[in-house]
Amino acid sequence: MRKSGILGLLGLAIGLTTALPASAGVEECGNIRFQGLSNCEVRVTAQCTAGCSEFGIYKTACATKLTQVCGDQCTLSAMPTCTDNCTVQCKSDCDNGVNVICSHNCFEECTTRRDMDCASKPDPAQCAATWDANCDNECDAKCVTVDGGCYQHCVECCGGSCSADANMDCQYSCQDVEFEECEQEFRANCEASCTGDGALFCDGKYIIAGSQVPNCLKALAAQGIEVKAEGSVTIGPDGINGNLAAGICSYSPGDRAAVVGPFALFAAATAGWLARRRKRDSRVER
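1 is the number of the first residue of the sequence shown in this note's numbering; add one for each residue after it.
Take a look at the structure:
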């Protein structure tokens, strides 16, 4: 058991060398998009419970979940007026040397009208979360694998953003019915995890809790996302034990130096522990 725990810890450090495929969200973290988020922290005990008690921190997680739930109802095709106008702009941009990459540009294209349209909603923050999650979902479906150059990337980007636009009202109406219950469910999960595996928050937003936290941390580390933690922690293959410490959210795309440092030290410390153990065991055998 102890051996498997050490291997699990080493695996966390080794996992930094493998980048995850580009997508809207991080699958191991509930498919939530981390771009733009910072100050990520795994919390346990009192600090965790206090964070869980605040309604409104679950909007990102709920919108991401409910976008999938409402997907069976919201299946409108993109309007030709949207895609035609968008592809005309694509040709102009690509001819002028703009480097359009579907997975990078689709979300930005999709959310252009978000703040203006959500300003008049009863809960603008909920509307914005629904908008972002819907854009993520549609853009991810179009942009995961795109063959071809700038124009093909741009056309697929248009398809994602225009499909999201066509289904935005449906997604908002559908999610609004379920949102309160969803928030209560996430709050219960969060509070239950505060005495066990803990919960992950970024910029005061709830991300994920419980036994899913360790795999989420591994995935974030592989993307170069740094997460802080309170207290002291043991992260093994079976989850998080005790109070957290280790370091893993300063977001630094393309630069993994910030996250490699703490884990390199961790790996070195683990190696030192193993060496001391071997030496001690050899003395016992003699």
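Each residue gets a CB set at the ideal place from its N, CA and C atoms; glycine is no exception.
Fair warning: this is a prediction, and the values are worked out from it, not measured in the lab.
Counting pairs of beta carbons, one from the region 89-103 and one from the region 149-163, are three or more of them closer than 8 angstroms? yes
Just list the alpha helix (DSSP H) runs in the region 56-117, keeping only unbroken ones of 4 residues or longer that don't cross its boundaries, in chain order. 59-69, 80-95 and 102-110
Beta carbon of residue 201 nearer than 8 angstroms to that of residue 51: Along the sequence shown, one-based indexing puts residue 201 at 201. Along the sequence shown, one-based indexing puts residue 51 at 51. For residue 201 and residue 51, yes; Cβs fall inside 8 angstroms.
What do you get for residue 73, buried or exposed, if any count of 16 or more other CB atoms within 10 angstroms of its CB means buried? As a working mapping, residue 73 is identified with position 73 in the sequence shown. Exposed, since its Cβ has fewer than 16 Cβ neighbours within 10 Å.
On a Cα-Cα basis, can you pick out the residue from 128, 106, 107 and 105 that is closest to residue 116? Translated into positions along the sequence shown, residue 116 becomes position 116. Closest option to residue 116, Cα to Cα, is 128.
Roughly how many angstroms lie between the CA atoms of residue 39 and residue 227, to the nearest whole one? As a working mapping, residue 39 is identified with position 39 in the sequence shown. As a working mapping, residue 227 is identified with position 227 in the sequence shown. So the two alpha carbons sit approximately 7 angstroms from each other.
Quick check on the burial criterion: 16 or more other C-beta atoms within 10 angstroms. Buried or exposed for residue 168? Locating residue 168 in the sequence shown gives position 168, counting from the first residue. By the 10 Å Cβ count, residue 168 comes out buried.
For residue 77, which residues from the same chain have a beta carbon less than 8 angstroms from its beta carbon, with the 5 sequence-adjacent residues on both sides left out? In the sequence shown, residue 77 corresponds to position 77, counting from 1. Hits under 8 angstroms: 163 and 166.
State the start and end residues of the unbroken beta strand (DSSP E) segment that holds residue 201. Your numbering for residue 201 matches position 201 in the sequence shown. Residue 201 -> beta strand (DSSP E) spans 199-202.
Once DSSP output is grouped into helix, strand and coil, what is the label at residue 288? In the structure as shown, the chain starts at 1 and stops at 286, and residue 288 therefore has no counterpart that could be examined.
Leaving out five residues before and five after residue 203 in sequence, what residues of the same chain have Cβ atoms less than 7 angstroms from its Cβ? By one-based count along the sequence shown, residue 203 stands at place 203. The answer, listed in chain order, is 37, 38 and 39.
Can the beta-carbon of residue 207 be found less than 8 angstroms from the beta-carbon of residue 46? On the sequence shown, residue 207 is found 207 positions in, with the first residue counted as 1. On the sequence shown, residue 46 is found 46 positions in, with the first residue counted as 1. In this structure, residue 46 does not lie closer than 8 angstroms to residue 207 by Cβ.
Write down the C-beta distance between residue 70 and residue 175 rounded to the nearest angstrom, noting that I regard them as a contact closer than 8 angstroms. Here residue 70 refers to the residue found at position 70 when the sequence shown is read from its first residue. Here residue 175 refers to the residue found at position 175 when the sequence shown is read from its first residue. Yes, residue 70 and residue 175 are in contact; Cβ-Cβ is about 6 angstroms, under 8 angstroms.
With residue 143 as the anchor, note down where its alpha helix (DSSP H) starts and where it stops. For the purposes of this step, residue 143 is taken as the residue at position 143 of the sequence shown. Start and end: 124-143.
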